[in-house]
Every structure is written in structure tokens, then in C-alpha cells.
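Asker: First, the structure itself, so that you have it in front of you.
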Amino acid sequence: MLLKGLGISAGQANGPGRRFVPRNQRREQAPADLNMTPAELITQVRQELEDLKRQATSDIIRDVLAAQLLMVDDPDLWDRIEELLRAGHSLKTSIEQAVASVASTLENLGDRYFAARADDVRDIGLRLVAHLSAPQTQERWTIREPSILVAESLFPSDTATLDLAQIRGFVLGQGSVTSHVAILARSLQIPAVVVGDAIASITEGEPLFIDGTDGLVSTGSPLPGAASSPGIPAQPPRWPVIANRVTTRDGQPVLIMANVGSVAEARIAVQNGADGIGLLRTEFLFDGSHPPSLTDHRQMLGDIAEILGPDRELIVRLADIGGDKPLPYLAQKDEANPFLGVRAIRLLKEYPHLYDDQLRAAIEVGQHARLKVMIPMVASRNDWTVSRALVAAIADELALARVPLGMMVEVPAAALDADYFAETADFFSIGTNDLIQYLYAADRTASELAEYNSSLEPAAAAAIRMTIEAAHAHQIPVAMCGEMAGDPQALPLLLGLGLREFSMNPASIPQFKAMIQDLDARQCRAALG
Ligand code: PEP
Ligand code: MG
């Protein structure tokens, strides 16, 4: 059986599927201990979290546990618990009801940041209740052989208790690219796929083959084209982090930047030695039930700018929405070919104010940070004129300095006309994921067309070369942020074509910095003939 889901951490893995048993379902729960006082309970849970934090093997897990430690005695939560206790409920019921009500309040605040915290509160609730019960519910869920972990959902602190060395991959019922488990999986390079309700069809112990890049899970038989030997390593060899900027052997400076989609990923990028963020995908801020507020934008950009500090650049891409990522609150028509449809900057015709708040926040944050704005899916000259006018109008309205404005070169028309765009663009970033799908007429999400989608063939190389040459002729920076930038096999070709800025998955950065130091850019150019 082949399940098509959402890939949230790239790579392939296989192994027996092991179903994760959530804490509150481990063995029969003993009756609640009515004798424990709230203060004793808080001390016990605090102790447990401190222990877990000490044993944690990853910075992200330590961050999650630190946040939970702050929440254990949260006054809002405990005021409600005390109220329910006074009304005659047991401590267990009081905790459960108070947690449910605090979590739903957070979810309804209309602020994405707080909504995400609701899960943390529920997690703390489960932990408190488990401590009121007999000790067996504290038992750790163990995984004894290298496996694919199958779970309906994973709370942040569940991940803290897992033996990650035994986990080759994750198959989840729920989750998104920005969920804690996704961030953790990506930082540890463990492939992960979200399959929704289909998770119920996976049985304990059956062989699973997963592809976190294309979002596929096959039960029983290997994925087409995938290595079938058991034990594709979940964790490729680790490269030491190189914090400073690197040069090639012949002294050419090369920037290795990161593609990220959240504050947590930005932190991981810096930890991995990123020289900046070459692509901030902002789509996830938009994917809820209502548009993000100006505060949401400011908060995200401000937090990331702070993490990057004064020396690293932040390239903020206007949200690339529409197409295959429709939004519930935008009334878009059904499209026969969404990738060729009303997507990204094209949405401005229908929704002229779609990007106003995002641009306002970017321009404000850009006054104090090395921030640049990037327009996705520019195809025609008019797309670019409209984008420039929009950014200028917002900067003028705010009476603030304009921020550098560049564009993705991800539509073949933009590559062919790169010389024109380079006259007014402050920078280019080549988006090979779309550029190649449109050049080769091969849907980037279709796994059977994968051979086209990482193409190093002459046509792809020609489009890339035209873009780089136009940028050089007009002396503007040119980077690449499509997946090809993180493909080790493409690196010599791209260096030879004159590319000196690469933006990639944060996990690949240490390896790329090491490779750059080993390559000679002149030789790469000479090899092109
Ligand atoms: C690209 O198209 O190469 C790109 C980086 O953008 P996205 O993958 O977000 O479409
Ligand atoms: Mg793209």
C-alpha cells in the first residue's frame, strides 16, 4: 500500500513500524492520588523536567523543556485549578478541566504564537496528571531496534523521552512543517511524513519505506527507485560546524546560507554555521484560518533578526501562496493547473492588500537589521513593476527607508529576461525547484517525474548561467535557494558558473562549508570548457 502524505523532513528511511504509545495510555491508570497537594505535584513535575533537560541530547529538546519548566507553575493555569478545587472537584479533574480551558483560550486569541503554545499546556497537563497516578504510568516507552516511529501525534516532551538513536523515521497522523517534531526531525536529519487518518491502516511491526522529500510511505514493499536494503542510515555522517565564512581553495569567498520557515529553524541554522538566511519561507504564517496580523509578522521577523545578529543577512520572501497551497480564507476558484495558476505575486490582482502587513513589518524590522525582501514567481516585466511600486508605496506611507528588493528567478521567463530585471533588482535568488518544473514541464510533486526535478542537464544549466551572468553584468548579488543549492553533485558546476551564494536546508550547511574549502573555483570553471 502506498500512502501519499506531507513530507516534513527530507530523506528516505525504512524499518519496522513501531506504534508510539502516548503517556496517558500506558497500562491501566491507577486511581488519582487525592492526597498529593498542588505544591508537591509541582515540585515532582519540576524535578522530572529538570532531569529530562539534563539528559536531553538536542538543543531543541532542551529549549522545549525549558519552556515547559516555565509553565509548570503558570499562575493562570493554577488560578483555574484552585477555582475548580474550591468547587469540589478532584485535583485530577481540576487539572484536566483547567488545562482544556487555558489551551482553548490560547487557541482562540487569534495569535499564531499563542495558539502553538496550547499544545505545550496540554502536554504539561498530561504530565501533571500522570504524576498523580501510580508510578507505572511514568514508565518510559522504549524502542529496542532501529525502527520507523508511527504516532498519531507527538507532544514536545514525548520527543524528549525517545531514544532517537533507534528512530530511522517518523510517520505521523498530524503535524506540519513547523511542528516541534518536524523541526526536531529536520535538525537530526530523520525523514518524516504526515499521513493524516491513513495512519490507522499501519499495523505494528510491518515494514515501512518512507520518503520525507516527496511525502510517501509504502507499507510492505520498497518505494519505486529507492534503495531497498534495510537500514538506510537515518543519520548521515556528522560534519563539524564551521562558524566562520569560508573560501574556496583558491580564495573565492562563498556564502552558505539557510532556507528556513520558522524562528526555531533560524536558531538551528545559526547553530549549524549559516552565514545568513537566504530564504525565509513565510507561508506557514498564512496557513491558518485567518490572515496573520501585523504583530504576527513583526514578531517573527523581529525574533529571527535578533537570532541572526548584525552580521548575517535575512532574505524575507513574500508568502508564496495560492497554487498548490490554497488558503481557506481566500476565495480562489478551483484551478485545473494550480502550479500554472493564480499564485504568489499574481494574487495581488485579486487581493491588492494581501501583502501590506507583511511588507510593513519587513520594512520596519529592516530599519535595524540586514533585511531584504524577495518577490516570488516574478514572470513578466509587469509583475516586477507592480511589486516594486507596492514596496515603495508602503515604505513611503511609513516614511521609512526602503529595504533592498530582489526577486526569485524561478520562472523560465524571468531567467530569459534576467538582463532586464537585473537593471532594477537589488539581487536575484534562483529557485530551481520551480524553475526546473517549469522548464521541463514536470510537476515537482510527482515522484515518478523525480528524474527531471534535480536536473543538471544543459537546459537547466543554461537558464542558471543566464541568470548569473545577468547579475554579474549589473553587479548585483545572485544566490540559489532551490534544492539544487544543497545538492553536493551540483556544487562544482555551480561554482564553475560563478555562483558564490548558496541557501539550503540548515542540516546541509556544515558539509557544504567543508566542501567549499576543498574545491578550487578556477578548476570548476575550467572543467565547464
Ligand atoms: C524554488 O522554487 O526553488 C524555491 C526555493 O521556492 P519554493 O520551493 O518555496 O517554491
Ligand atoms: Mg518556488
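For the sequence shown, position 455 matches number 460 in the working numbering, and the numbering has no gaps at all. Here a beta-carbon is modelled for each residue, glycine too, at the ideal position from N, C-alpha and C.
#1: Which residues in the same chain as isoleucine 481 place their Cβ atom closer than 7 Å to its Cβ, once the five residues preceding and following it in sequence are excluded?
#2: By a C-beta neighbour count over all protein chains shown, 10 Å radius and 16 as the cutoff for buried, is arginine 505 buried or exposed?
#3: Can phenylalanine 448 be considered in contact with ligand 2, in the sense that its beta carbon sits closer than 6 Å to one or more heavy atoms?
#4: Could you check what DSSP says for threonine 429 in three-state terms: helix, strand or coil?
#5: Tell me which same chain residues have a C-beta within less than 6 Å of the C-beta of alanine 478, skipping the five on either side of it?
#6: Of all residues in the structure, which have a C-beta closer than 5 Å to any heavy atom of ligand 2, taken in chain order?
#7: According to DSSP, is serine 460 part of a helix, a strand, or is it coil?
#8: Three-state secondary structure (DSSP) at valine 383?
#9: Just how far apart, CA to CA, sit glutamate 488 and leucine 332?
#10: I think threonine 287 touches glutamine 363, with their Cβ atoms under 8 Å apart; what is that distance to the nearest whole Å?
#11: What residue from Gln49, Leu74, Ser513 has the CA that sits closest to lysine 58's CA?
#12: Pick from His136, Val26, Leu8, Gly314: whose alpha carbon is nearest that of valine 370?
#13: Quick check on the burial criterion: 16 or more other C-beta atoms within 10 angstroms. Buried or exposed for aspartate 84?
#14: Suppose you measure from the CA of leucine 8 to the CA of leucine 213; what does that come to, to the nearest Å?
#15: At what residues does the beta strand (DSSP E) containing phenylalanine 507 begin and finish?
#16: With DSSP collapsed to three states, give me the class of valine 408.
#17: Would glycine 20 be called buried (16 or more neighbouring beta carbons within 10 Å of its own) or exposed?
#18: Taking the alpha-carbon positions, what's the alanine 248 to glycine 278 distance?
#19: Take valine 396 and list the residues in its own chain whose beta-carbon comes closer than 7 Å to its own, dropping the five residues that flank it on each side.
#20: Are there 16 or more other CB atoms within 10 angstroms of the CB of serine 109, so buried, or fewer, so exposed?
#21: Compare the beta carbon distance of glycine 10 and valine 134 with 7 Å and say whether it is the shorter of the two.
#22: Which residue marks the beginning of the beta strand (DSSP E) containing aspartate 216, and which one marks its end?
#23: Determine which residues share a DSSP beta bridge with proline 258 and list them.
#24: At which residues does the beta strand (DSSP E) containing phenylalanine 175 begin and terminate?
#25: Tell me, which residues are paired with threonine 224 by DSSP?
#26: Run the proximity test for glycine 487: is its beta-carbon closer than 6 Å to any non-hydrogen atom belonging to ligand 1?
Answerer: Well, looking at it:
#1: Ala427, Ala430, Asp431, Phe432, Phe433
#2: buried
#3: With the sequence shown as reference, residue 448 is identified as aspartate, and phenylalanine is not the correct amino acid for it. No, Cβ of aspartate 448 sits at least 6 Å from all heavy atoms of ligand 2.
#4: helix
#5: none
#6: Glu415, Gly436, Asp439
#7: coil
#8: coil
#9: 24 Å
#10: 7 Å
#11: Leu74
#12: Gly314
#13: exposed
#14: 11 Å
#15: 506-509
#16: coil
#17: buried
#18: 4 Å
#19: Leu364, Val378, Arg407, Leu410
#20: exposed
#21: no
#22: 212-216
#23: Thr252
#24: 172-177
#25: Leu213
#26: yes
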